[in-house]
Structures are given as structure tokens and as C-alpha cells.
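**Student:** All residue numbers for the sequence shown refer to the UniProt record's numbering, where the first residue is 1 and numbers rise by one. Can you keep this structure in mind? I'll have questions shortly.
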Amino acid sequence: MPRLTPEQRERAVGRLSAGDDPEAVAVAFNVHLSTVYRLQLCFVNTGSTVDTQRSGRPRVTTQRQDRQILRHHLRNRFHTANETARNTVGNHQRPISGQTVRRRLAERDLQNCRPARGPVLTQRHRMARQQWAQDHINWNWRQWRNILFTDESRYCISHVDGRVRVWRRRGERYAGDCVMEHNAQGGPNVMVWGGIGLNQSLGPVFFNNLGPGRGNGITAQRYIDQILQPHVVPFFQARRNCVLQQDNARPHTARVTQAFLQHNNIDIMAWPALSPDLDLNPIEHFWDQLQRKLNQLRPGPRTAAELRQALIHAWCNIPRDAINRLIHSMSRRCQAVINVPWQRKTIP
1 MPRLTPEQRE RAVGRLSAGD DPEAVAVAFN VHLSTVYRLQ LCFVNTGSTV DTQRSGRPRV
61 TTQRQDRQIL RHHLRNRFHT ANETARNTVG NHQRPISGQT VRRRLAERDL QNCRPARGPV
121 LTQRHRMARQ QWAQDHINWN WRQWRNILFT DESRYCISHV DGRVRVWRRR GERYAGDCVM
181 EHNAQGGPNV MVWGGIGLNQ SLGPVFFNNL GPGRGNGITA QRYIDQILQP HVVPFFQARR
241 NCVLQQDNAR PHTARVTQAF LQHNNIDIMA WPALSPDLDL NPIEHFWDQL QRKLNQLRPG
301 PRTAAELRQA LIHAWCNIPR DAINRLIHSM SRRCQAVINV PWQRKTIP
């Protein structure tokens with residue numbers, strides 16, 4: 001039989017208070033007679049028709065086991081809930097499920113998420129990042145406006161970033177219209193360089209004729225010939241007190257690159273070695289915004305030339321306010337780096 005809605009409960013109690021027979025009320029609302037009696041008893045005891053909270057199913061784990069589960073996953077961040085469930089015995093020697101473990105962890109605000117990826121950092125690297133953040137956390141917008149944050153990024157025709165979801169029924173995982181096809185190598189791609197700052201931007205600049213080389217094929221000489229000489233030098237000559245930020249990639253730190261920048265009086269911002277740029281360099285989030293705009297294109301670009309045009313259009317359509325918000329977030333990013341402990345494991 002259906003449960004009574006709050007409105008029906010009030011009406012039923014009203015009829016009982018008016019002297020109606022409980023059996024007649026049960027027939028009128030199509031419920032069992034015992035339901036009417038329990039509703040009447042609840043109103044007499046509490047003065048309300050709202051259901052009292054039920055105890056629910058007994059917990060299969062004790063409070064001590066809940067704390068043990070939490071400590072285990074704080075020590076072993078990458079262990080699965082099913083692994084913990086197999087090694088945990090609940091009350092009365094009953095096994096527990098992985099879902100039980102996930103619920104216990106969720107109660108303590110511990111969620112299962114995709115891990116952030118970053119380079120292997122030693123304690124020296126972590127200390128350098130902390131020191132850099134402490135040196136720049138008190139910078140104001142007048143100091144940050146002189147920094148041009150730069151970086152390179154590769155964009156591919158076929159890109160799967162895990163954000164796209166598909167609606168499907170059970171058994172339709174490999175149905176033709178439920179599979180996202182993509183080239184294993186990403187298909188045609190372009191390497192783009194750009195720079196952003198407070199109320200200013202530079203780019204996008206596309207690399208040409210990237211032949212074989214280390215990593216992405218960018219060498220120090222290509223970096224000078226295609227980026228620094230035609231774009232960065234004129235940009236800095238037209239501005240005073242501007243500082244170039246670039247990561248510690250080999251084309252950036254090569255002696256020929258450093259000599260070229262020094263010869264052209266371009267100041268370089270010190271950047272911590274092996275720093276995960278995603279938490280400090282705001283241009284990484286700018287690249288992500290470009291990728292989101294590319295993902296929204298229907299149909300998407302099919303050739304490298306179309307991809308270049310799409311990137312230029314997406315770049316020009318990102319509001320200046322969005323870029324300024326990224327620059328204004330630098331103090332918050334520095335604080336986030338300072339708040340991260342050097343040790344990987346945090347046990348309460």
C-alpha cells in the first residue's frame with residue numbers, strides 16, 4: 001500500500017480528531033488499519049504527524065573499526081575500498097562490502113577521486129616550491145601585472161580527457177553510437193605557444209617544421225627563431241619593467257637561450273625546478289579553457305589547418321576578465337602551495 005503524504009497525514013488526523021472511525025479512515029485513504037493506529041499514536045505522543053526517525057539497519061562496523069578504516073586509507077591513499085573490505089571483519093564475524101567502506105570514508109569527508117599527476121619531487125624540490133610561494137604570496141596586483149606567464153601546449157584532433165560522458169543502457173558499452181573513436185596517436189596536431197598577463201596576452205604562436213628532437217621536438221634554436229626573436233622581443237621592447245615567466249624545460253634553460261634573453265635585456269622570473277605547473281602557472285588553466293572550447297565544436301576540426309583556425313577563434317573569444325581572474329588568483333595559489341605539507345602522508 002502507498003505511504004501517506006504529509007497532507008494526507010494531516011487530513012487523516014483531522015478526521016480521527018473529529019470522531020471518525022479508524023476503519024473508515026483506513027478505507028478512505030487506502031491504507032492498512034495498523035497504519036492509522038500508528039499515526040494516531042504518533043500524534044498523541046509527539047503532537048505532530050511527522051515520522052519519527054528510525055534506527056535503520058544496524059551498522060556492521062564498530063566506531064573503532066570506522067577509525068581504523070579511515071587511518072588505513074590515510075596511510076594508503078591508493079588502496080581500493082574492496083581491498084579494505086576483504087581485510088576487515090564486521091560485527092558478529094560478518095564480512096563487510098566495499099560500499100560500506102566508501103560510506104565510512106564519505107562520512108569523514110574522504111572522497112574517491114582521480115589522482116593529480118606530477119613529477120617525482122624530492123624534499124629539496126618541495127622546499128624550493130614552498131620558499132618560492134612564501135616569497136611571492138604578498139605580491140600585489142601591481143607586481144603581478146608585470147609578469148608574462150608563458151608556456152607551450154600540444155593540441156590534437158582526437159582528444160579524450162575523461163570529461164565526456166555517454167548515455168547508454170546495460171549491455172550497450174560497445175554499441176557503435178556509444179563508443180568515442182579516437183586515434184591512438186591523437187591524429188593531426190599542432191604545438192602552440194602563448195603568454196598571458198594582467199590586461200595583456202601574446203599569441204597564439206604555432207611552431208612550424210617540428211622535426212625529430214627531444215620530447216615535443218622543440219629545440220632551443222627553434223624556440224629562439226620562432227618565438228623569442230619575432231614575438232617576445234618586440235613585445236618586451238614596447239613595455240617597461242616586464243618580466244618573462246617560463247618553466248625549466250630544456251629549450252628555455254639552454255645556454256644559448258639564456259644568452260639571447262640577456263642580450264636583449266629580458267628579465268626572467270625564477271621558477272622552482274620540477275614544479276607541477278598546474279598549481280602555480282595560471283596559463284595551464286588557460287590551456288584547459290581552450291581545450292573545453294574545442295570540445296564544444298560540432299563538428300570538430302578534422303585537419304591541422306582547421307585546428308589552428310579553431311584555436312585562434314577560441315583564443316580570441318576568451319574574455320579578458322577570465323584571464324585577469326587567473327592572474328589575480330596567484331596569491332591564493334601561493335597559499336595553497338604553502339598549506340601543502342612536505343610529507344605525502346597525513347595521519348590524524
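All C-beta atoms in this analysis are idealised placements derived from N, C-alpha and C, irrespective of residue type, glycine included.
Which residues does DSSP list as the beta-bridge partners of Glu152?
**Tutor:** Working through the sequence shown from its first residue, we reach residue 152 at position 152. Trp193.
**Student:** Do the region 237-253 and the region 104-115 make contact, defined as three or more Cβ pairs closer than 8 Å?
**Tutor:** Counting Cβ pairs under 8 Å, fewer than three are found: no touch.
**Student:** Quick check: Trp315 and Gly203, are their CB atoms within less than 9 Å of each other?
**Tutor:** As a first step, residue 315 is located in the sequence shown; it is residue number 315 there, counting from the start. As a first step, residue 203 is located in the sequence shown; it is residue number 203 there, counting from the start. Yes, Cβ-Cβ distance for Trp315 and Gly203 is below 9 Å.
**Student:** Helix, strand or coil for Asp51 per DSSP?
**Tutor:** For the purposes of this step, residue 51 is identified with residue 51 of the sequence shown, where counting begins at 1. In the structure shown, Asp51 sits in coil (DSSP, three-state: anything other than H, G, I, E or B).
**Student:** For Arg15, which option in Ile147, Ala220, Ser153 and Gln40 has the closest C-alpha, if you only look at C-alpha atoms?
**Tutor:** The count along the sequence shown starts at 1 and reaches residue 15 at position 15. Comparing Cα-Cα distances from Arg15 to each of Ile147, Ala220, Ser153 and Gln40, the minimum goes to Gln40.
**Student:** Buried or exposed: Val256, going by 16 or more other Cβ atoms within 10 Å of its Cβ?
**Tutor:** On the sequence shown, residue 256 is found 256 positions in, with the first residue counted as 1. Val256 is exposed by the Cβ-count criterion.
**Student:** Grab me the residues of Ile218's own chain with a C-beta within less than 6 Å of its C-beta, minus the 5 sequence neighbours each way, in chain order.
**Tutor:** Residue 218 sits at position 218 when you count from the first residue of the sequence shown. Answer for Ile218: Pro251, listed in chain order.
**Student:** Which word fits Pro119, buried or exposed, when buried means at least 16 other C-beta atoms lie within 10 angstroms of its C-beta?
**Tutor:** Position 119 of the sequence shown, counted from the first residue, corresponds to residue 119. Looking at its Cβ environment, which holds fewer than 16 other Cβ atoms inside 10 Å, Pro119 is exposed.
**Student:** Quick one: any contact between the region 147-160 and the region 278-287, if contact means 3 or more CB pairs under 8 Å?
**Tutor:** Flag = yes, the region 147-160 and the region 278-287 touch.
**Student:** Can we say the region 52-61 touches the region 21-30, given the rule of at least three CB pairs closer than 8 Å?
**Tutor:** Contact fails: fewer than three Cβ-Cβ distances are below 8 Å.
**Student:** Relative to the C-alpha of Thr84, which residue among Asp135, His73 and Asn91 is closest?
**Tutor:** Start at 1 with the first residue of the sequence shown, and residue 84 comes out as number 84. Checked all of Asp135, His73 and Asn91; the closest Cα to Thr84 is His73.
**Student:** Pairs of beta-carbons, one from the region 311-327 and one from the region 120-137, closer than 8 Å: are there three or more?
**Tutor:** Result no; under three Cβ-Cβ pairs closer than 8 Å.
**Student:** If you compare alpha carbons, which of Pro234, Ala220 and Ala238 is closest to Asn248?
**Tutor:** For the purposes of this step, residue 248 is identified with residue 248 of the sequence shown, where counting begins at 1. Comparing Cα positions, the closest option is Ala220.
**Student:** Measuring only the C-alpha atoms, how far is Gln130 from Leu274?
**Tutor:** Reading the sequence shown from its first residue, position 130 is the one you call residue 130. Reading the sequence shown from its first residue, position 274 is the one you call residue 274. Going from the Cα of Gln130 to the Cα of Leu274 covers about 13 Å.
**Student:** Decide if the region 289-307 is in contact with the region 167-175; the criterion is three or more beta carbon pairs, one per stretch, under 8 Å apart.
**Tutor:** Flag = no, the region 289-307 and the region 167-175 do not touch.
**Student:** Does the Cβ-Cβ distance between Ser331 and Ile137 come in under 9 Å?
**Tutor:** Taking the sequence shown and counting its residues from 1, the one referred to as residue 331 is at position 331. Taking the sequence shown and counting its residues from 1, the one referred to as residue 137 is at position 137. Against a cut-off of 9 Å, the Cβ pair of Ile137 and Ser331 comes out as a contact.
**Student:** Using a Cβ-Cβ cutoff of less than 7 Å, which residues in the same chain neighbour Met241 once the five nearest sequence positions on both sides are dropped?
**Tutor:** Working through the sequence shown from its first residue, we reach residue 241 at position 241. Going by the sequence as given, residue 241 is Asn instead of Met. Once the five neighbours on either side are set aside, the close Cβ partners of Asn241 are Asn146.
**Student:** Measuring straight from C-alpha to C-alpha, what distance separates Thr207 and Thr100?
**Tutor:** Counted from its first residue, the sequence shown places residue 207 at position 207. Counted from its first residue, the sequence shown places residue 100 at position 100. Looking at the sequence shown, residue 207 is not Thr but Phe. Going by the C-alpha atoms only, they are around 52 Å apart.
**Student:** Would Arg75 and Pro115 be called neighbours here (beta carbons separated by less than 9 Å)?
**Tutor:** Residue 75 sits at position 75 when you count from the first residue of the sequence shown. Residue 115 sits at position 115 when you count from the first residue of the sequence shown. No. Outside cutoff.
**Student:** Looking only at its chain, what residues have a beta carbon closer than 7 Å to the beta carbon of Leu307, apart from the 5 residues adjacent to it on each side?
**Tutor:** For the purposes of this step, residue 307 is taken as residue 307 along the sequence shown, with counting starting at 1. For Leu307, where only same-chain residues beyond five positions count, the Cβ hits under 7 Å are Tyr155, Ile157, Pro188, Val190 and Pro301.
**Student:** Excluding sequence positions up to five away, which residues of its chain have a Cβ less than 6 Å from the Cβ of Phe236?
**Tutor:** Taking the sequence shown and counting its residues from 1, the one referred to as residue 236 is at position 236. Closer than 6 Å at the Cβ level, and outside the excluded window around Phe236, lie Cys242 and Ile266.
**Student:** How far does the alpha helix (DSSP H) with Ser158 in it extend, from its first residue to its last?
**Tutor:** Translated into the one-based positions of the sequence shown, residue 158 becomes position 158. Taken as a continuous stretch (DSSP letters only), Ser158 belongs to no alpha helix (DSSP H), as it is neither H nor E.
**Student:** On a CA-only basis, which of Pro234, Glu23, Trp144 and Ile224 is nearest Phe260? Give me that one, please.
**Tutor:** By one-based count along the sequence shown, residue 260 stands at place 260. Closest by alpha carbon: Ile224.
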